[in-house]
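Let me begin by presenting the structure, written as structure tokens, before commenting on it.
Chains as they are written, first to last, in our numbering: chain A, 444 to 929; chain B, 312 to 644.
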């Protein structure tokens with residue numbers, strides 16, 4: 444099996460590794476940016492200090508997550524060329540412009556207003572600051588729009604012509620490229636996933652502090668807000684996911700066959716397998732356990748509908764089933780778990796026990812990182828499910844790579860693995876540290892300096908300056924605030 | 312009138328690269344010079360002078376890369392594999408220096424470590440960028456539509472020289488930025504650094520220019536024979552004038568003037584590179600027309616660029632304006 448460790452496989456592992464790491468950060472920051480905008484909006488509307496405190500509590504965490512997202516994202520923007528140069532050359536005329544639009548309409552927007560969002564409240568006043576927060580939140584969404592359009596085009600390519608030199612060239616209408624058939628579904632599914640991921644992180648942090656002190660008003664507020672999101676968005680996501688699946692069924696049938704573990708065709712109703720060990724060699728699902736006809740019901744809304752299996756697809760056009768099959772199941776299980784927590788919280792809320800049911804808080808705490816796992820599994824399902832193609836049915840992944848020697852890619856892969864685990868491991872540690880600190884009145888936000896907030900000569904601190912800025916000296920978050928002391 | 316969109320896009324990419332080089336250049340330069348500032352107040356102020364804007368500055372790198380991908384996909388697909396180790400080193404360098412902005416505040420007990428990461432990351436990124444530029448200028452072997460050279464084509468005395476030149480140039484930008492944003496002793500220190508960096512930059516610019524002409528007969532012809540020389544000659548002359556004015560301003564000015572002059576120096580340097588490389592995007596074989604995306608892609612992007620770029624410049628300028636003036640650390644005013 445080691446002769447398989449060629450430059451191509453290494454390049455694929457490197458891309459999978461770097462993109463998986465990267466995906467965690469936007470999955471979190473898309474939702475968190477919106478949450479911050481909501482918090483600041485509520486603060487401006489109601490004037491209640493608690494919203495400002497929560498804003499400042501989460502904006503510190505956002506700053507770290509965003510920095511990690513930026514640096515890991517720059518890696519992605521170059522990796523198309525470094526490791527997938529044939530793909531870049533041939534598909535560049537079609538997807539390059541979409542990515543350029545992402546830079547122009549999203550990256551600049553986020554980055555341009557981030558500085559003001561993090562450090563500028565005292566300089567520009569409340570309203571302009573809120574506008575900056577909204578721009579950052581908008582930027583994260585617009586970024587998702589373009590990059591998912593690119594990604595969707597690679598799954599369901601439309602609107603292009605083949606050039607004489609082998610390049611994919613744009614056709615008459617760019618709308619046919621941008622709004623390719625899988626894009627609307629993928630966009631909704633992914634953005635909802637980002638919101639859910641953030642909701643469960645916020646809910647988990649709220650639950651953690653409620654478990655320590657159920658009277659903590661800040662923890663109550665964030666837990667309550669997060670549980671509303673869970674209760675509303677998780678069911679929406681299940682519907683959106685189902686529609687995305689049906690869209691995949693229409694355009695990428697092999698992927699759905701792999702997700703379902705259907706090696707064989709089922710002429711009168713296909714089972715929904717709950718368990719099984721996919722065996723690509725023998726083209727069968729070992730130790731299969733499933734519910735008869737349920738898959739046909741879900742996919743075709745008819746118990747007896749025939750469903751084709753991988754036996755209708757030539758072996759060299761099949762995706763590897765094991766990863767797709769299991770990643771899909773884990774994602775579904777997490778989605779159901781999220782909905783269960785959401786429903787549970789509704790029940791608790793209805794009974795007036797939202798802040799009292801310890802097991803609900805424990806469940807929310809356990810579920811707090813679940814969004815990341817679900818996002819990762821969803822990503823694996825769709826990306827591995829597209830194999831062996833990089834542009835579905837048109838360009839094979841094996842034909843897309845750069846002319847690099849295996850040792851060069853092995854070295855860079857090793858460097859990425861070491862650096863990412865060290866650097867992003869440290870970042871996650873710092874985020875957990877910030878989350879561990881109790882949210883309280885007079886949060887400090889992302890200002891930096893050991894002696895106080897940075898300020899510019901001639902600018903008077905605005906009315907948003909809260910008194911504790913002057914009294915609290917420790918901005919590093921490493922020491923406990925007085926009210927946290929037991 | 313018939314406008315050649317390929318030329319328009321060549322200028323747009325050059326603009327993006329220039330914007331990146333000067334904007335992230337001063338960030339990276341501050342990273343390179345960081346260890347010479349005293350831990351504590353001096354370092355904090357130096358860091359705070361760029362904390363609100365570094366992210367926007369770095370976005371120009373994505374525009375440069377993404378724009379090249381979109382407008383000249385073949386060039387993107389050739390240059391990056393040809394300079395693979397440099398690009399990976401640059402990306403990893405940028406990872407370290409990017410997170411250091413946040414991490415150093417979050418973890419005072421390891422601040423010295425993250426300050427080191429900030430410096431080393433900046434240094435590696437700057438060196439790798441300069442060497443990539445050198446590797447491009449010295450020529451990249453292409454066969455068909457792919458890179459056809461070997462592993463270490465990018466590692467030559469020439470690329471080392473361009474790498475060092477870039478490091479010195481970024482240090483100059485960073486030091487002049489700090490003259491602008493700091494005062495007192497820290498400013499005096501920045502001034503001293505700026506002078507050294509200016510001499511280093513000028514010496515290395517000169518060396519690279521001479522090397523360019525010696526390296527390649529075609530480059531030599533462009534610079535040394537009529538009628539090209541009439542168009543090319545103003546560039547070194549203006550560079551020399553800018554250099555003299557810069558060196559004078561470094562001894563007296565307390566505000567932004569040295570920074571703008573350093574910027575001007577970079578502008579002329581880039582103009583010189585433009586003259587050298589034109590009309591190739593990957594010398595010696597691939598011209599901008601060989602590598603250009605089809606007209607439909609060019610037009611589509613041009614519309615977006617024309618609409619968004621004025622807005623980007625406006626809100627970026629606003630963000631700089633918000634954080635204008637000398638950086639302070641304590642709340643006096």
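We put the beta carbon where it would ideally sit given N, CA and C, even for glycine.
| Query | Result |
| --- | --- |
| Contact with chain B by residue 823 (chain A), beta-carbon distance below 8 Å | no |
| Cβ distance (whole Å) where residue 665 (chain A) is taken to contact residue 645 (chain A) below 8 Å | 5 Å |
| Three-state secondary structure (DSSP) of residue 733 (chain A) | strand |
| Per-residue burial, residue 730 (chain A) [other beta carbons within 10 Å of its own, 16 or more giving buried] | exposed |
| Of the listed residues A:450, A:467, A:451, nearest to residue 821 (chain A) (C-alpha basis) | A:467 |
| CB contact flag (residue 738 (chain A), residue 750 (chain A), <8 Å) | yes |
| Three-state secondary structure (DSSP) of residue 417 (chain B) | helix |
| Backbone CA spacing between residue 616 (chain B) and residue 621 (chain A) [nearest angstrom] | 17 Å |
| In chain order, each alpha helix (DSSP H) run of at least 4 residues that lies wholly inside the segment 612-648 of chain A | 617-621 |
| Cross-strand partners of residue 454 (chain B) (DSSP beta bridge) | B:457 |
| 8 Å Cβ cutoff, residue 630 (chain B) in contact with chain A | yes |
| Within 8 Å, strictly: CB atoms of residue 356 (chain B) and residue 497 (chain B) | yes |
| Entirely enclosed beta strand (DSSP E) segments - the segment 694-754 of chain A, minimum 3 residues | 715-722, 727-734 |
| Residues near residue 691 (chain A) by beta carbon distance below 6 Å, same chain, minus five either side | 698, 699 |
| Ordered list of beta strand (DSSP E) runs contained in the segment 548-604 of chain B, each at least 3 residues | 591-593 |
| Pairwise C-alpha distance: residue 759 (chain A) and residue 479 (chain B) | 53 Å |
| Proximal chain A residues relative to residue 462 (chain B), where beta-carbon distance stays under 8 Å | 848, 851 |
| Members of the segment 552-578 of chain B near chain A, C-beta cut-off 7 Å | none |
| Close Cβ partners of residue 647 (chain A) (< 7 Å) along its chain, the five nearest in sequence each way excluded | 807, 808, 810, 811 |
| Bridge partners - residue 604 (chain A), DSSP secondary structure assignment | A:612 |
| Under 8 Å by beta carbon: chain A residues contacting residue 369 (chain B) | 513, 517, 554 |
| Where residue 829 (chain A) sits in the DSSP three-state scheme | coil |
| Beta carbon proximity, residue 354 (chain B) to chain A, threshold 8 Å | no |
| Any C-beta of chain A under 8 Å from that of residue 326 (chain B) | no |
| Residue from A:449, A:659, A:482, A:498 with nearest C-alpha to residue 887 (chain A) | A:498 |
| Three-state class that DSSP yields for residue 329 (chain B) in the structure shown | helix |
| Local Cβ density within 10 Å of residue 512 (chain B), reported as buried at 16 or more and exposed below that | buried |
| Proximity of residue 583 (chain A) and residue 473 (chain A) at Cβ, strictly below 8 Å | yes |
| Assigned secondary structure, residue 456 (chain A) (DSSP; H/G/I helix, E/B strand, else coil) | helix |
| Between the CA atoms of residue 515 (chain B) and residue 543 (chain B) - distance to the nearest angstrom | 19 Å |
| Expected contact under 8 Å - CB spacing of residue 603 (chain A) and residue 537 (chain A) to nearest Å | 5 Å |
| Closer than 8 Å to chain A by CB, residue 612 (chain B) | yes |
| Residue 643 (chain B) versus residue 634 (chain B) - alpha carbon distance | Low per-residue confidence applies at residue 643 (chain B): pLDDT is 28, beneath 50, and the placement is therefore not dependable, though the value from the model is reported in the following sentence. Looking at the two C-alpha atoms, the distance is approximately 16 Å. |
| Short CB-CB distance (under 8 Å) between residue 340 (chain B) and chain A | no |
| For residue 369 (chain B) and residue 524 (chain B), the rounded distance between their alpha carbons | 32 Å |
| Reduced DSSP category for residue 312 (chain B) - H, G, I as helix; E, B as strand; rest coil | Any reading at residue 312 (chain B) needs caution, since the residue's pLDDT is 47, under 50, leaving its predicted position unreliable; the model's value is listed next. Residue 312 (chain B) falls in the coil class under three-state DSSP. |
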